Amino acid sequence: MRKRLEQNRKGGNSLRTASYLVLARPIIHGYTPAKFYNTAEAFVTDNILDFIGNTPLLKLEDGIYAKAEFLNPSGSIKARMANYMIEQAEKEGLLKPGDTIVEATSGNTGNALSMIAAVKGYKMIVMIPEGYSNERVQISRGFGAEIRFVGHFQVNEARQAAIELGQQDGYYCPAQFDNEWNVEENRDWLGKEIIAQLPEGVKIDAIVQGVGTGGTLIGCAQALRQWHNPDLKTFAMEPTESRTLECCMVADHKIEGISDGFVPTIYARHRDEIDQIISVDSNVAIEEAKKMARDKGLFVGPSSGANYWAARKIRKDNPEIKTVLTLLCDKGEKYLSMMHGKELEQAA
């Protein structure tokens with residue numbers, strides 16, 4: 017595996033640009049996720065789910081690495097968690113042929129589950145509050161899902177409705193905000209994948225990630241602490257306008273996909289694993305995401321902009337922290353109307 021990375025560094029047989037690091041995926045605890053396509057190991061598949069995972073690790077600048085999770089099928093990091101949880105539910109007999117999957121979401125998990133349901137032949141009901149980007153609603157519809165609007169912006173009401181429906185015969189709710197499989201996937205799949213991709217000699221001192229369910233931050237931090245750096249610092253990111261984790265403040269904001277109006281069960285369960293909370297203003301996050309598109313060719317959503325801004329601030333404010341890891345969670349195309357509406361109107 018390291019040998020292949022060295023070949024990529026030297027330019028031989030490489031998909032790597034100046035800051036891309038690519039590795040073939042290890043088999044993790046007997047779970048073999050998606051295959052990986054590159055010029056050396058081309059393969060043919062009839063299943064788009066085979067392409068989930070093994071996203072590039074990007075060096076955004078000195079001391080900041082970011083996992084390019086927006087490159088997953090369905091356009092976000094949630095494809096990993098959704099696929100893993102559905103596979104586990106099938107193995108446990110909780111989800112059977114002919115059943116309907118139902119989940120509460122601010123968008124990305126709904127997109128991912130709708131894609132998976134389409135591939136596997138399940139029906140899908142997405143419970144989503146009004147007020148989120150229309151693009152993400154339409155993506156789930158495009159995969160054939162039924163959309164039910166429940167509440168406004170905060171997800172908790174939709175979450176309760178999804179859990180209640182999921183308890184009925186013929187329905188299954190993965191319960192992404194509560195289910196420990198969420199943490200398990202991020203620890204045993206994504207976290208190990210990140211460690212395998214790190215360049216020789218690089219030590220991650222801190223990780224920062226926006227908290228939607230908390231599964232990504234907590235799972236990845238567990239992996240890094242267990243198999244990479246036991247002294248890792250963990251930073252939870254949330255919007256300045258809605259500092260729910262820090263002080264139970266709940267308000268509207270524009271960093272969709274995080275701070276959904278309540279403290280997720282997963283986060284509450286693992287709160288003692290978080291070292292610090294950092295907040296980012298919504299407008300700062302959006303402008304940072306736009307700047308990443310213009311300066312780096314990375315067309316990502318506002319949470320990615322917020323994560324990058326937070327990573328830089330952590331390094332600036334903590335001289336002992338030399339290297340920070342973060343994640344680029346979803347595609348900017350999901351937020352065209354919200355992030356780029358004025359530019360689109362002017363161009364029309």
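Residue numbers (this note's numbering): 17 to 364.
Think of the CB as a built atom: it goes at the ideal place given N, C-alpha and C, for glycine as much as any other residue.
Small disclaimer: the values here were computed from a predicted structure and weren't measured.
**Study point:** Touching by the beta-carbon criterion (3+ pairs, under 8 angstroms), the stretch 193 to 205 and the stretch 236 to 243
**Key:** yes
Point to revise | Cα-Cα separation, residue 272 to residue 188 | key: Their backbone Cα atoms lie some 25 angstroms apart in a straight line.
Practice item. Give the straight-line distance between the Cα atoms of residue 349 and residue 248, rounded to the nearest whole angstrom. Key: 33 angstroms
**Study point:** beta strand (DSSP E) segment containing residue 121, residue limits
**Key:** Note, residue 121: premise wrong, no beta strand (DSSP E); not H, not E.
Practice item. Find the nearest neighbour of residue 231 within the set 276, 256, 298 and 197, judged by alpha-carbon distance. Key: 197
Point to revise | Where the beta strand (DSSP E) through residue 60 begins and ends | key: It is not in any beta strand (DSSP E) - residue 60 carries neither H nor E in the DSSP assignment.
Review point. Tell me the DSSP bridge mates of residue 347?
Key: 316
Check your understanding: Of the residues 244, 138 and 82, which one's Cα is nearest the Cα of residue 312?
Key -> The residue among 244, 138 and 82 with its C-alpha nearest the C-alpha of residue 312 is 82.
Review point. Residue 319: beta carbon under 8 angstroms from a heavy atom of the ligand ZN?
Key: As presented, the structure is devoid of all ligands, the ligand ZN included, so that no description of it is given.
Check your understanding: So, using beta-carbon positions, are residue 341 and residue 327 closer together than 9 angstroms?
Key -> In contact: residue 341 and residue 327 (Cβ atoms closer than 9 angstroms).
Practice item. Return the CA-CA distance between residue 338 and residue 79, expressed in angstroms with no decimal places. Key: Each residue's Cα considered, the two are about 6 angstroms apart.
Point to revise | For residue 109, three-class secondary structure by DSSP | key: coil
Point to revise | Range covered by the beta strand (DSSP E) that runs through residue 82 | key: 80 to 84 is the span of the beta strand (DSSP E), which, as asked, contains residue 82.
**Study point:** Extent of the continuous alpha helix (DSSP H) to which residue 230 belongs
**Key:** Per DSSP, residue 230 belongs to no alpha helix (DSSP H) and is neither H nor E.
Check your understanding: Exposed or buried, what is residue 221 when buried is set at 16 or more other beta-carbons lying within 10 Å of its beta-carbon?
Key -> buried
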